[in-house]
Amino acid sequence: MPDECCAPSGNIMILACSGGSNVGQLSNQAAVELTREGFGKMFCLAGIGGHLSGFVQSAKDIPQMVAIDGCSVGCAKAILEHAEIPIKSYLVLTDLGIEKNKDFKLRKEEVQKVKEVIKEACGGEQPVLPMGETGSSNCCG
Amino acid sequence: MEIKVLGPGCPKCQATEKNVREAVTEAGLDAQVDKVTDVMEIAKYGVFGTPAVVVDGEVKSVGKIPEKREIMTWIKK
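Chains as they are written, first to last, in the working numbering: chain A, 380 to 520; chain B, 3 to 79.
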């Protein structure tokens, strides 16, 4: 078994607000797609909001993390601050010029734009590892 | 006191278990140390990665090998 099989080192934790608007769902969709593409791994912001120790401690111990809020209300940021988790990378989608509304038919070009900005916020491209090597589908849950 | 070391058995998980057991011995505690290797059982703790250490139900460390002195701060009453 390789030394790194279980450690999340090198893997970016992606925390999306996943809120009830187009921008909230854009944050969610971008996080899902980036995870599927091997760029980081989406993690459960609700677990942190619930102050469940496994989620809170995971977010505290992860070296690289990006938090995404759909709008300036900043729910994701507030959750992290409430749980006393240092925010490493952060972005707000309405700051990208995407208007907040209640249209849940997400536009592909906006999802793509959000994904690119998330990658930039994390410092560029990450190596895409096969499933199982990043902890995406293995013991690391 | 109940301590659980979560991890399927990679070198980092083994090193974590070793540090935990040594810390317990050095602290002179009567603590139960269990290794949790079952993936589904590990998933119940909501950790992003392993190894992880749980002390009396609270997750204290995730994705790294905690040093003995750090473990001591969790287990010393």
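For glycine and all other residues, C-beta sits at the position ideal for the given N, C-alpha and C.
Let me check you understand the geometry: is the CB of Val496(A) closer than 7 Å to at least one non-hydrogen atom of the ligand GTP? Ligands displayed in this structure: none; no statement on the ligand GTP is therefore possible.
Hey, does Gly30(B) have any beta-carbon neighbour from chain A nearer than 8 Å? Reading the second sequence from its first residue, position 28 is the one you call residue 30(B). Chain A, which has no Cβ nearer than 8 Å to the Cβ of Gly30(B), makes this no.
In angstroms with no decimal places, state the Cα-to-Cα distance between Gly65(B) and Asp440(A). Along the second sequence, one-based indexing puts residue 65(B) at 63. Along the first sequence, one-based indexing puts residue 440(A) at 61. Looking at the two C-alpha atoms, the distance is approximately 7 Å.
Who are the neighbours of Ile466(A) on chain B, taking C-beta pairs under 8 Å? Here residue 466(A) is taken as the residue at index 87 of the first sequence, counted from 1. Residues of chain B passing the Cβ test: none, with the nearest at roughly 16 Å.
Whose C-beta lies closer than 6 Å to the C-beta of Val507(A) among residues of the same chain, with five residues either side of it excluded? Counting from 1 along the first sequence, the entry for residue 507(A) is found at position 128. In this prediction, Val507(A) has a pLDDT of 48, which is less than 50 and means its spatial position is unreliable; what the coordinates show is noted afterwards. Closer than 6 Å at the Cβ level, and outside the excluded window around Val507(A), lie Gly417.
Could you check the C-alpha separation between Met421(A) and Ala33(B) for me, to the nearest Å? Your numbering for residue 421(A) matches position 42 in the first sequence. Your numbering for residue 33(B) matches position 31 in the second sequence. Here the alpha carbons of Ala33(B) and Met421(A) stand approximately 35 Å from one another.
State the CB to CB distance for the pair Cys450(A) and Val471(A), rounded to an integer number of angstroms; the pair is presumed to be in contact (CB under 8 Å). Counting from 1 along the first sequence, the entry for residue 450(A) is found at position 71. Counting from 1 along the first sequence, the entry for residue 471(A) is found at position 92. Yes, they are in contact, since the Cβ atoms of Cys450(A) and Val471(A) sit about 7 Å apart, within 8 Å.
Is Val445(A) closer than 8 Å to Ile477(A) when the C-beta atoms are compared? Residue 477(A) sits at position 98 when you count from the first residue of the first sequence. Residue 445(A) sits at position 66 when you count from the first residue of the first sequence. The answer is no: Cβ separation not under 8 Å.
Return the CA-CA distance between Lys492(A) and Val26(B), expressed in angstroms with no decimal places. For the purposes of this step, residue 492(A) is taken as residue 113 along the first sequence, with counting starting at 1. For the purposes of this step, residue 26(B) is taken as residue 24 along the second sequence, with counting starting at 1. Lys492(A) and Val26(B): Cα-Cα distance of roughly 51 Å.
Is there a C-beta anywhere in chain A that falls below 8 Å from the one on Lys70(B)? Sequence index remark: in the second sequence, residue 70(B) carries index 68 (1-based). No, its Cβ sits nowhere closer than 8 Å to a Cβ of chain A.
Answer with buried or exposed for Lys484(A), where buried requires no fewer than 16 other C-beta atoms within 10 angstroms of its C-beta. Taking the first residue of the first sequence as position 1, residue 484(A) is located at position 105. Under this definition Lys484(A) is an exposed residue.
Please confirm whether Asp448(A) and Ser406(A) have their CB atoms less than 8 Å apart. Position 69 of the first sequence, counted from the first residue, corresponds to residue 448(A). Position 27 of the first sequence, counted from the first residue, corresponds to residue 406(A). Yes, the Cβ-Cβ distance between Asp448(A) and Ser406(A) is below 8 Å.
Ignore the nearest five residues each way along the sequence and tell me which others in Tyr47(B)'s own chain have a CB closer than 7 Å to its CB. In the second sequence, the residue the question calls residue 47(B) occupies position 45. Taken in chain order, the residues that qualify are Leu8, Ala54, Val56, Val61.
Candidates Glu24(B), Asn21(B), Lys37(B): which alpha carbon is nearest Pro10(B)'s? Looking up residue 10(B) in the second sequence gives position 8. Scanning Glu24(B), Asn21(B), Lys37(B) for the CA closest to the CA of Pro10(B) turns up Lys37(B).
Output the boundary residues of the beta strand (DSSP E) element that contains Ser468(A). For the purposes of this step, residue 468(A) is identified with residue 89 of the first sequence, where counting begins at 1. Its beta strand (DSSP E) spans residues 468-471.
Beta-carbon gap between Cys501(A) and Gln408(A) smaller than 8 Å: Residue numbering aside, residue 501(A) sits at position 122 when the first sequence is read from its first letter. Residue numbering aside, residue 408(A) sits at position 29 when the first sequence is read from its first letter. No, these two residues do not count as a Cβ contact at 8 Å.
Roughly how many angstroms separate the alpha carbons of Asn390(A) and Ala410(A), rounded to a whole number? The count along the first sequence starts at 1 and reaches residue 390(A) at position 11. The count along the first sequence starts at 1 and reaches residue 410(A) at position 31. Answer to the nearest angstrom: the Cα atoms are 13 Å apart.
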